[in-house]
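Undergrad:
Number of protein chains: 2
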Amino acid sequence: MPQLRKDPITGRWVIIANERARRPTDFIRRPVASPAAALCPFDPGNEAKTPPEVLAYRSSGGRDEPGWRVRVVPNKFPALRIEGDLDRQGEGMYDKMNGIGAHEIVIETPDHGTSWSEMPEPQIQEVLRAFQDRVNDLKRDHRFRYIILFKNHGEAAGASLEHPHSQLIALPVVPENVKEELDGALQFYEQKERCIFCDIVTQESAAGVRLVSETDRFVAIEPYAPRFPFETWILPKRHSSHFESSDGPTLENLAWVLRSTLRKINKTLERPAYNFIVHSAPVQEGPLNYYHWHIEIAPRLTRIAGFEWGTGFYINPTPPEESARFLREASLG
Amino acid sequence: MPQLRKDPITGRWVIIANERARRPTDFIRRPVASPAAALCPFDPGNEAKTPPEVLAYRSSGGRDEPGWRVRVVPNKFPALRIEGDLDRQGEGMYDKMNGIGAHEIVIETPDHGTSWSEMPEPQIQEVLRAFQDRVNDLKRDHRFRYIILFKNHGEAAGASLEHPHSQLIALPVVPENVKEELDGALQFYEQKERCIFCDIVTQESAAGVRLVSETDRFVAIEPYAPRFPFETWILPKRHSSHFESSDGPTLENLAWVLRSTLRKINKTLERPAYNFIVHSAPVQEGPLNYYHWHIEIAPRLTRIAGFEWGTGFYINPTPPEESARFLREASLG
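In the order they appear, the protein sequences are chains A and B.
The opening position of the first sequence corresponds to residue 0 in numbering that gives the first Met the number 0, with each subsequent residue numbered one higher.
The opening position of the second sequence corresponds to residue 0 in numbering that gives the first Met the number 0, with each subsequent residue numbered one higher.
Below you can see the structure in the form of structure tokens.
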């Protein structure tokens, strides 16, 4: 059983995934040959190589057969396990609990060689709908306090398989960085009785200098204090705290914004690796006035070095006003 | 002038280093040929390729000439600048100030091809003394609230030059992660009237399962909730909040512990890249009862992916009890 352990100083929880335990030799980097496509566990026809699916949108076929357009399966090497009790315990001065949670893979398309910037918009919209369906299903389990949806695209961003996929992790605690964001937004709300993200949308839409694109439902912006060059946020214009409560037209518009933003990033930076994260409110909370769901995209262009992880203080060589201009001007012809 | 910008939601400061500004094409990765050693700006004889030295320990020669054993120079492409006023300003709803600070390079040895695990201990001790001397000099400038000492070893850890060197950054604010550590330690102290790090030293020394090595002045341990496989902390046994106030015998013993710990890591993991950070109290504060300086070493074995930076919640595949055992058993013969 994986363990959750709490750093006694900062309160940060860490998953000790001892079922994936690795010996020192497993970390020594050796050149890896890419597996033949026939071996990809996410390709149609290879359904038996993954755990049984928990969701699929299909044009044909039965459970765990080809014919799906989007397929969601538990991770074969999960960082957390869904069965069991949290069993919170002390260990001397320390705190731990069982690594209860869910870790799922959203296989975004049967097509091994494509990516979000090439997929048709309805396909991206189906991926977003799968995110939504899985969150709405998992949140009925009250042990799960937070659900994170993310995508690592490209090896430099941590992807270990090429086939387009995203991940979902449901956690029994609200992670520290999320708490920080929630606390900051709550503090602003208590002072001004306004959502800070709504203010950001208004200011950025009016100023335009950090705006990448704008539709009737979304803005894509470079944030004022980005940690990474070309860090890009996508925010809904209408206040909403939970991604999973978005309606169909919103997801349709989001699919368009996402695709066009990633195409601009690809055009400007020659198809970089990137991380993509959905920031949404804790799933067991009702709609929140002070928090606003959004998406953060970080191209992996610079290495995060000792300074950054030691301090949480980032050095970014590209002012967001400049990266916004490059992205706005990227022609998608 | 570089800028410090504050994320309005989390309060996290970011350095927008616009003097190092990079265009999109600068980020596109192309294979880099290693420069011939004659071109290394840190080699003896190439002193003119760096800004003038701010400190050197010499066996011979004059300022900016060969003959030094350790040499400290300002970074040629500093993230922060030492001249000017902070000039705190608002920008709409946002906060910014000038990027005032210091960014220095500690050139640890004239020998281009060595590393800490191969250097003689007196050389490491001189590097530690240079850290101390620079912090004690810079802290007299009251604009600097925090000084971080760190080392990126190897390309995967963010090092861009091979020649052994460390870095120092003096900041006009205390970074978020440091504040978190200080706040957590203060909370413990207020409850128990004991330093939490002193308690950790006592518990780990007694339990032994996460202990890597122990001298009369230091313990090297794997922390209870490590973010990274083989993350290793070195803590002084006697309470002390500020690294820079360490005495000679302490630095001598630290040089021994550091060298032996890095040799164990090299032996176990085949010379991995690593980040090394000195965690010390804010320089303008007097001795603190509740905070305890220490060193954190993180071998760069896994990639930090979207999940980690989105949540501050780490997945670590190696329990610290196992990594401690591997390091204890590494023979240095």
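Positions of the beta carbon are idealized from the N, C-alpha and C atoms, including for glycine.
Using a Cβ cut-off of 7 Å, pull out every chain A residue sitting near VAL13(B), in sequence order please.
TA: Result: ALA224, PRO225, ARG226, TYR313 and ASN315.
Undergrad: Can you give me the Cβ contacts of PRO65(A) inside the same chain, cut-off strictly under 6 Å, excluding the 5 residues immediately before and after it?
TA: Closer than 6 Å at the Cβ level, and outside the excluded window around PRO65(A), lie PRO43 and GLY44.
Undergrad: Which term fits PHE41(B), buried or exposed, when burial requires 16 or more other beta carbons within 10 angstroms of its beta carbon?
TA: With 16 or more Cβ atoms within 10 Å of its Cβ, PHE41(B) is classed as buried.
Undergrad: Taking the beta strand (DSSP E) that GLU103(A) belongs to, which residues open and close that run?
TA: GLU103(A) -> beta strand (DSSP E) spans 101-106.
Undergrad: Quick check: the Cα distance between ASP136(A) and LEU287(B), rounded to an integer number of angstroms?
TA: Answer to the nearest angstrom: the Cα atoms are 49 Å apart.
Undergrad: Output the distance between the C-alpha atoms of PRO7(B) and GLY183(A), rounded to the nearest integer angstrom.
TA: Their backbone Cα atoms lie some 8 Å apart in a straight line.
Undergrad: Where GLU180(B) and LEU331(A) are concerned, what is the direct C-alpha to C-alpha distance, given to the nearest angstrom?
TA: Between GLU180(B) and LEU331(A), the C-alpha separation is close to 46 Å.
Undergrad: Kindly list, in the order they appear in chain A, the residues whose Cβ is closer than 8 Å to that of ARG4(B).
TA: TYR223 and ALA224, listed in chain order.
Undergrad: I'd like to know if the region 84-99 of chain B and the region 192-212 of chain A are in contact, where contact means that at least 3 CB-CB pairs between them fall below 8 Å.
TA: These segments touch.
Undergrad: Using a C-beta to C-beta distance shorter than 8 Å, which residues of chain A count as neighbours of TYR93(B)?
TA: Within chain A, the residues near TYR93(B) are TYR223 and ALA224.
Undergrad: Of the residues ALA219(A), ARG133(A), HIS111(A) and GLY153(A), which one's Cα is nearest the Cα of ILE147(A)?
TA: Taking only the C-alpha atoms, the option nearest ILE147(A) is ARG133(A).
Undergrad: If we count the other Cβ atoms within 10 Å of its Cβ and call it buried at 16 or more, is GLU107(A) buried or exposed?
TA: The residue in question, GLU107(A), is buried, as its Cβ has 16 or more Cβ neighbours within 10 Å.
Undergrad: At a cut-off of 8 Å, is LYS150(B) close to the ligand MN when judged by its beta-carbon and the heavy atoms of the ligand?
TA: Looking at this structure, you won't find the ligand MN or any other ligand, since it has none at all.
Undergrad: With DSSP as the reference, label LEU331(B) as helix, strand or coil.
TA: The answer is coil: DSSP assigns LEU331(B) none of H, G, I, E or B.
Undergrad: How is PRO30(B) classed by DSSP in three states: helix, strand or coil?
TA: The predicted model places PRO30(B) with a pLDDT of 48, which falls under 50 and marks its position as unreliable; any figure quoted below should be read in that light. Coil at PRO30(B), not helix or strand.
Undergrad: How do the region 144-159 of chain B and the region 277-286 of chain B stand: do at least 3 beta-carbon pairs fall below 8 Å, yes or no?
TA: Enough Cβ pairs lie closer than 8 Å, so yes.
Undergrad: Any idea what DSSP makes of ILE264(B), helix, strand or coil?
TA: Of the three classes helix, strand and coil, the one that applies to ILE264(B) here is helix, per DSSP.
Undergrad: Can you name the residues that DSSP bridges to THR113(B)?
TA: Answer is none; THR113(B) lacks a bridge partner.
Undergrad: For the putative contact between GLU117(A) and TYR56(A), defined by C-beta atoms under 8 Å, what is the C-beta separation to the nearest angstrom?
TA: Not confirmed; about 19 Å, so no contact.
Undergrad: Does LEU181(B) come out as helix, strand or coil in the three-state DSSP assignment?
TA: LEU181(B): helix per DSSP, three-state reduction.
Undergrad: To the nearest angstrom, how far is it from the Cα of TYR223(B) to the Cα of ALA323(B)?
TA: Rounded to the nearest angstrom, the two C-alpha atoms are 11 Å apart.
Undergrad: Considering just the uninterrupted stretch of the alpha helix (DSSP H) at ILE199(B), what are its terminal residues?
TA: Unbroken alpha helix (DSSP H) run through ILE199(B): 195-206.
Undergrad: Should VAL177(B) be flagged as near chain A, meaning a C-beta pair shorter than 9 Å?
TA: True, the Cβ-Cβ gap to chain A drops below 9 Å.
Undergrad: Can the beta-carbon of VAL69(B) be found less than 9 Å from the beta-carbon of GLU103(B)?
TA: Result no, Cβ atoms of VAL69(B) and GLU103(B) do not sit closer than 9 Å.
Undergrad: Any beta carbon of chain A sitting closer than 9 Å to that of PRO73(B)?
TA: Cβ-Cβ to chain A under 9 Å: no for PRO73(B).
Undergrad: From what residue to what residue does the alpha helix (DSSP H) around GLU82(A) run?
TA: It is not in any alpha helix (DSSP H) - GLU82(A) carries neither H nor E in the DSSP assignment.
Undergrad: List, in chain order, every chain B residue whose beta-carbon is nearer than 7 Å to that of THR9(A).
TA: What THR9(A) touches in chain B: GLU179, GLU180 and GLY183.
Undergrad: Return yes when the Cβ of THR113(A) is within less than 9 Å of the Cβ of LYS75(A), no when it is not.
TA: No, the pair does not count as a contact, with Cβ atoms beyond the cut-off.
Undergrad: Flag ILE123(B) as yes if its beta-carbon sits less than 9 Å from any beta-carbon of chain E, otherwise no.
TA: Absence of chain E from the displayed structure is noted, the protein chains being A and B.
Undergrad: Mind checking who MET96(A) pairs with in its DSSP beta bridge?
TA: LEU3(A), per the DSSP bridge assignment.
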